[in-house]
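Below: the structure, in structure tokens.
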């Protein structure tokens, strides 16, 4: 990953220093749920937090907080208008819109 300028986020943020276990089983525990970001956008990561929640899985939920600006509510994909809800600065706007629409219409998004 380093050859492609990706940086591991786990263990680099306030809430995840030192890096918290993301997987626990009778055989042991480890950090197996990794978050990578390209080095040019590392400053966009505000925080990473591993939640100590029993969820029926042997993996703990991982929350990554990013520095981004949301200018309106996108909670309802049916009424979603990417041009009015997200401000994109110095990025390819067409690619950002495609990503946002695909992400909002994922079946596990709430």
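Numbering (the working numbering), first residue to last: -16 to 93.
For every residue, glycine included, the Cβ atom is placed at its ideal position computed from N, Cα and C.
Quickly, what does DSSP pair residue i with across the bridge? List them, please.
| i | result |
| --- | --- |
| residue 21 | -11 |
| residue 2 | None, per the DSSP bridge assignment. |
| residue 37 | Answer is none; residue 37 lacks a bridge partner. |
| residue 11 | 8 |
| residue 49 | 28 |
Report yes if the CB atom of residue i is closer than 8 Å to the CB atom of residue j, and no otherwise.
| i | j | result |
| --- | --- | --- |
| residue 48 | residue 29 | yes |
| residue -4 | residue 31 | yes |
At the level of alpha carbons, what is the spacing between residue i and residue j?
| i | j | result |
| --- | --- | --- |
| residue 23 | residue 44 | 26 Å |
| residue -7 | residue 12 | 15 Å |
| residue 36 | residue 2 | 16 Å |
| residue 10 | residue 80 | 43 Å |
| residue 4 | residue -16 | 21 Å |
| residue 16 | residue 51 | 23 Å |
| residue -12 | residue 77 | 24 Å |
For residue i, which of the options has the nearest alpha-carbon?
| i | options | result |
| --- | --- | --- |
| residue 33 | 18, -11, -13 and 81 | 18 |
| residue -14 | 5, -2, -1 and 20 | 20 |
| residue 46 | -12, -10, -9 and -1 | -1 |
| residue 40 | 6, 14 and -10 | 6 |
| residue -10 | 42, 10 and 27 | 27 |
| residue 14 | -16, 42 and 77 | 42 |
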